[in-house]
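In this note's numbering, the protein residues as written are 145 to 449.
Glycine included, each C-beta is placed from N, C-alpha and C at the ideal position.
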Amino acid sequence: MNLHKIRTTFVIGFLFLWSFNLIGQSGRDLFEPSATVTKLAGDFAFTEGPAADEEGNIYFTDQPNNKIWIWTTDGELTLFTNQSGRSNGLYVDQQGRLVACADMDNDLWRYNHDTVPEILVADYQGKALNGPNDLWIRGDGGIYFTDPLYKRSYWTRDPAMQQKGQYVYFFDPENETPPTPVDRDFVRPNGVVGNPNNNLLYIADIGDDKIYSYRMKKNGQLKRKKVFAEMGADGMTIDEQGNVYLAGKGVTIFNPKGEKIGHIPVPEPWTANICFGGKNRDQLFITASTGLYVLKMNVKGMRRF
């Protein structure tokens with residue numbers, strides 16, 4: 145695997161003139177009052193899709209530039225591939241394989257320990273997907289992915305919607321069965337994340353300013369749909385206490401009851417996505433517009449599987 149390594153020579157820390165908005169003791173316990181959001185790398189076109197591997201290294205995309213990068217636990221910025229299919233959401237499965245929502249051709253890709261992707265999903269019932277945007281992988285390997293329609297100028301396909309709506313799908317790559325819609329009732333689904341401790345799945349409908357929670361069934365189907373928060377989001381992540389972090393205008397934090405307990409401002413126009421990583425899984429990595437940022441936390445991220 146020929147990966148190009150770039151040693152970063154400095155890290156820029158930002159101490160904002162405004163403070164973190166933390167509500168109640170549960171919010172204040174998440175990180176130290178003196179903690180700062182630190183810029184690790186910049187000069188990207190638009191960053192997306194942070195995903196941690198088992199060691200805590202962070203994969204993320206520079207979507208318009210068609211690249212996937214790795215921020216290592218040793219503080220190195222490494223180019224993984226410059227042919228990413230303009231990927232958005234990423235996730236690393238239990239075998240250490242990177243799975244990507246490849247927006248250029250509206251596919252779901254998997255990198256099998258190298259930089260040559262395998263197409264996992266290319267269509268639904270013979271018609272092109274809208275554009276897989278984000279994904280989450282269960283411990284048994286099953287994949288949930290969102291499929292909103294964001295018309296792209298670089299598409300060679302007909303930009304009109306091929307599907308009947310903007311759905312969320314479940315796909316089991318081990319059984320090689322076709323993807324199955326598990327919820328069709330969205331304006332524009334985007335972020336998706338699961339909590340394996342209590343079998344909960346969260347899906348953001350950014351088009352309707354809502355976060356929904358579900359119980360997951362063994363076959364991938366969903367039940368007990370509830371409105372978790374009256375707020376949309378781009379990407380999402382969860383900490384080990386079950387708090388849910390929403391990316392958008394900075395990072396907004398809700399406790400497991402759906403009560404807002406905090407907000408983290410980020411010095412960029414838009415915060416696209418977030419994940420926990422680092423050697424101890426206690427760093428919150430933030431992809432926001434042109435940069436990659438990090439915040440040291442007092443809480444660890446939810447175990448991945």
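Nearest Cα to residue 283 within the set 316, 366, 399, 199: 316. Here the alpha carbons of residue 449 and residue 424 stand approximately 16 Å from one another. For the set 446, 270, 237, the Cα lying nearest the Cα of residue 385 is the one of 446. Judged by their CB atoms, residue 434 and residue 187 are nearer to each other than the 8 Å cut-off.
Collapsing the DSSP output to three states places residue 303 in coil.
Burial is judged here by how many other beta carbons sit within 10 angstroms of a residue's own beta carbon; residue 178 has fewer than 16 and is exposed. Pairing residue 437 with residue 271 gives a Cβ-Cβ distance that is not under 8 Å.
As the crow flies, the alpha-carbon of residue 331 is around 23 Å from that of residue 404. Beta-bridge partners of residue 312 (DSSP): 290, 327. Contiguous beta strand (DSSP E) elements confined to the segment 153 to 231 occur at 156 to 158, 181 to 185, 191 to 196, 202 to 206, 211 to 215, 220 to 225, taking only those with 3 or more residues.
About 6 Å separates the CB atoms of residue 313 and residue 325; that is less than 8 Å, so the two are in contact.
Cβ neighbours of residue 266 within its own chain (closer than 7 Å, five residues either side excluded): 251.
Here residue 174 is not near residue 376, since their CB atoms are 8 Å or more apart.
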